[in-house]
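The number in my numbering is simply the position in the sequence shown, starting from 1, with 50 added.
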Amino acid sequence: MESVNPDEFTVEAVERALQQLYYDPDMAKKNVAQKWLTQAQASPQAWHFCWALLHPGKLPEMQFFGASTLHAKISRHWSDLPTGQLDSLRSQLIAQVGQFASGPKMVLTRLCVALASLVLHILLEMWPTAIPDLLCAFQTGEGVSKADGQSRCLALLELLAVLPEELQISRIPASQRSQLRTALAVEWNSVGPLLQQLLQSADAPSQVRERVLRCVSSWLTLDIALKDSEGLLQGCFSLLKESELFDTAVETIVSIISQPDCQRFTDSLMKMVPQVLSLQEQLKKAMQDGDMETSHGICRISVALGETHCRTLLEQVDHWQGFQALVNMILSCTGIPGHYPVDETSSSLTLTFWYTLQDDITSLDGERQTLYLQIYRPVYFQLVDVLLQKACFPSDENYTTWSADDKEQFKTYRVDISDTLMYVYELLGPELLRNLYDKLGVLLTDTEHTSSWQDIEALLFGFQSIAETVDVSYSDVIPGLIGLIPLITANSIQLAETIMFTIGSLAEWLADHSLMLASVLPVVLQAMSNTDLSVSCVSALKRICRECRHDLHPHANDILAVSQGVLVKDIHKSTQCMWLMQALGFLLSALPSEEILGKLLSLVTPHIQQLEKLANEPPSSANKLHIVHILGLLSNLFSTFDLNKQSERLEVLRHGLTQPQNNPVVAVLQQAFPLIQTILNKWLNEAEVVEAVCALFEKSLKTLIHDFAPLVTQLCELIGQMFSAYPQASALDLTRQLVHIFGCEKDLFSPIAALLKLITNITMSIFQLGCRDHPDVVESFMQLHAQVLRRKRDLYISDSLDIKAVFYCGENYNSTHLNNTFSLNNTFSLNHSVLAGILSFKFPETPTLKATCLLFTELISHCEDIPAVREVLQEDGKLLLQTLLEAIGGQSPCSLAEDFAEVLFSVSRHCPNVLTLWLREVLLPPGFPSSHLTTENKEHFCQQILREQVSKRQMKDIVKEFALSSRGLQGTEYAASY
């Protein structure tokens, strides 16, 4: 079975393989059979054994494989067809379609697909009358075996249905596909009337009419004009009354309506409006009966018409009443009774229509826009009421019966409604907020009627949806809303959550109206102890602390006390604890300077004490999780503790008091440094702990900037210790931040330079041993050296760093050049640095390759001012070009062509002599970098590259074209979309 000897591709051998594929329980044998059968299909013998497999006495599985083989040969191996066999193939294939007209269906469909592929191959040149000939053959039965009339009819319809589908997926070149599309569309004059006749035939079986509908949908992909389909469309609408054909009729009608080309035929389009409106009674009855399938189908039709052709219908001002009726019909679909997605699934289909209608109205000229705004503003107010009703939660008893999936879908649905409300606000403006406020006020103050929490929640949800993204600072109802919130009895989790989110959405407004904080802040703090409100209340507090930090001094003690309490009690999940610490960082950094350190120590001391306790305990997985959690808390606290950013405001608030000499965060870190050192001594080989420590210092460094200076020397020693024990990307990223901030500080850069030397030597040893398992380390190493070149390039001018090592990091691991370079000594030279680069070009990971391109682009730009760069390029520019072209030519993803182009552009611009010297020589070997490239391709590429030193965009286009040609993709659909 594993043999590929063509002589063995006999009918008997194929049948044995199929038996093995379908019935052998051994998966290994199945896989062998599958591979062998694929080879059999590709062989010239397949033209012969396929017919034997189609014999009426064979099993359906054998027949199906025979039909599939025919399709494979015609679609993929057309050139293998023996000379003079075309007529025989055509007549045999038509006869076989007739033979299997009564089934099995799977065999008939594959034979029809094969015949469709044959038609597409010979329609333009050898069989221009294919469609009329086939129509005649199947209608008369000539050459179509002895199948009865209905079977021939069904077989013909199956063939007609798959023909346009086969055109869509065939491997035919794009230019020829366009010609075929046009040629088939012309045949609609013959096909359309036949389909209409069958559709309107009173005695046509449902099976026939259903297949007619499928044919219509398929042929409409050929851009058939709407005016040529009016009769068929009318027939499709009539079938909506027949339950067994309803779904298929809906699909066909939606296919017809959704063709953008319909807009060219305004008259035909306008005839469609009353047809859709005539479905209103059927829609109303379906809603009353809870018939979700029928209401869903009619909703799809009305939305397809309104959404696809909204602009065209609006422009027919004389017919505005018909379109308004359609809009109202869609509004009824939006407000369909029941809760989504349990009772109905249609309302979500309508939401995009309301965006489209609003956009099209506001884009009209002044007079028509005024008219339509007058007509549709009331409709949009109705829409808001409908959407808020749809956003209402069901009763508690009902909601508890919902599955987790239903609840998640409802949550997503509410997000879509929220987005729609936000967009509608652009049309309705402040009047919408006034409308919501008035309704909320009535619900909260009406003592005669008890309001459900669902109605109150929905109105707050509306407010929150708008305030989340729209500036409501000018609204005169917000103060009233803030005043109403404390009056709400949050007797459900959902209502309480929405209250929290609403307060959070108004944080920016509260920053300008600080007196109102006293009304809502207690509501948030009270909710902090409720685990069910964890996300919403912590999010609200974080937003208030971020936006209103300068006005929170009177409330600081309350916020800190509540926050410390919930942190100690472990009420919230880890993520919300991190958010809470960020909130406290905002709060503390805005307090008077004399209060900051004391409150900061009060906050962090319990956590540091806990960390000290854990450090003295034996290592365990539970302890590791606790340590990482506490380090994360400190990281998030320090990430928002930004005194520098607020210096001007702080000066005003502190009445001229100067800041303490040391930043409070620095004081805490200095105090905690020995403890962190102790923890690392125990956990130095644990990636999570090392990453958490690096994150703590990196976030602090980004916030403190130059205030971090007192810690630089200690931190460099700590990073060196971490990286020596366990090289990790996080340590490299932290070093990169040190270089970025202190790269120009002469007094502070000495320990950083020593750290760079150590890190680079260690990374070089990783390359020497094999670095494929450390793509993240390589990526961060490349980014680090790119940063060094930007901020402290004089390191490469001195003997401190040798760029050649970075340069060569992409050659073969066992290359003599590489081994010699690494064995020079243990001091890091610039030679080492670049050595890492060329090795990295061979990595499969996209982020690593991008970082490598970034380094080389930066590196090459310094060939004028760094002698070592100039020297290494003169010595080994050929090696760089060879490696780069290998990557472009197929070794790396085509999507990275633009990144490689950046490197080539840098070479072309800054050291053209190197490029001129080596480019043609590198491309000279046959088959390099790809067997798809001809000598002419390579020469054309060289000429383009060597003269392009100005336009980076042009260079990217040149390299992309070369990358596509190297992969044999030039002129394909992939290349067109690339």
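Idealized CB from N, CA, C, for every residue including glycine.
None of these values were measured; they are calculated from a predicted model.
Query	Result
Cysteine 442, enclosing alpha helix (DSSP H) - first and last residue	Unbroken run through cysteine 442: none, as it is neither H nor E.
Same chain, Cβ closer than 7 angstroms to tyrosine 487, neighbours up to 5 away in sequence not counted	Val527, Gly530 and Leu531
Counted within 10 angstroms of its Cβ, other Cβ atoms place histidine 960 as buried (16 or more) or exposed	buried
Three-way DSSP call (helix, strand, coil) for methionine 176 in this model	coil
Segment limits, alpha helix (DSSP H) that includes serine 256	256-269
Length of the line joining the Cα atoms of cysteine 598 and aspartate 455	38 angstroms
CB contact check: lysine 732 to chain D, cutoff 9 angstroms	Included in the structure is just one protein chain, with no chain D present.
The alpha helix (DSSP H) enclosing isoleucine 506, as first and last residue numbers	503-517
For serine 345 and serine 398, the rounded distance between their alpha carbons	13 angstroms
Among Pro182, Ala233, Ala145 and Pro178, nearest to alanine 205 - alpha-carbon criterion	Ala145
For tyrosine 475, the first and last residue of its enclosing alpha helix (DSSP H)	454-478
Backbone secondary structure at histidine 605 - three-state DSSP	helix
Straight-line Cα distance separating glycine 356 from threonine 412	16 angstroms
Cβ pair count under 8 angstroms reaching 3, the region 362-376 against the region 430-448	no
Whole-angstrom distance between leucine 983 and glycine 940, CA atom to CA atom	11 angstroms
Sub-9 angstroms separation of threonine 898 and proline 976 beta-carbons	no
At least 3 beta-carbon pairs within less than 8 angstroms: the region 219-227 vs the region 255-269	no
Buried or exposed by the 16-neighbour rule on C-beta atoms within 10 Å, applied to histidine 98	exposed
Span separating the alpha-carbon of valine 1044 from that of leucine 798	Missing from the structure shown is residue 1044; the chain here goes from 51 to 1028 and no further.
Stretch-stretch touch, CB-based, cutoff 8 angstroms, three pairs: the region 439-451 with the region 478-487	no
Cα-Cα separation, leucine 782 to serine 958	31 angstroms
Isoleucine 549, buried or exposed, once every other Cβ within 10 Å from all chains shown has been counted against 16	buried
Entirely enclosed alpha helix (DSSP H) segments - the region 652-697, minimum 4 residues	671-689
Touching by the beta-carbon criterion (3+ pairs, under 8 angstroms), the region 677-685 and the region 635-648	no
8 angstroms CB neighbourhood of glutamine 408 in its chain, flanking five on each side removed	Tyr430, Tyr473, Val474, Glu476 and Leu477
For asparagine 485, the three-state DSSP class (helix, strand or coil)	helix
Cβ shell of glutamine 149 (< 8 angstroms), same chain only, five flanking positions each side left out	Leu104, Pro106, Ser195 and Ala197
Coarse secondary structure for alanine 745, derived from DSSP in three states	helix
Contact belief for leucine 545 with glutamate 507 at Cβ below 8 angstroms, rounded distance in angstroms	4 angstroms
Counted within 10 angstroms of its Cβ, other Cβ atoms place leucine 974 as buried (16 or more) or exposed	exposed
Between the CA atoms of isoleucine 535 and tyrosine 390 - distance to the nearest angstrom	28 angstroms
Cβ neighbour criterion (16 or more within 10 Å) applied to glutamine 16	As shown, the chain starts at 51 and ends at 1028. That puts residue 16 outside it, with no answer to give.
As assigned by DSSP and simplified to three states, the class of glutamate 62	helix
Leucine 276 beta carbon less than 9 angstroms from that of aspartate 253	no
Pairwise C-alpha distance: glycine 615 and leucine 571	17 angstroms
Coarse secondary structure for leucine 779, derived from DSSP in three states	Note that residue 779 is alanine in the sequence shown here, rather than leucine. Three-state result, alanine 779: helix.
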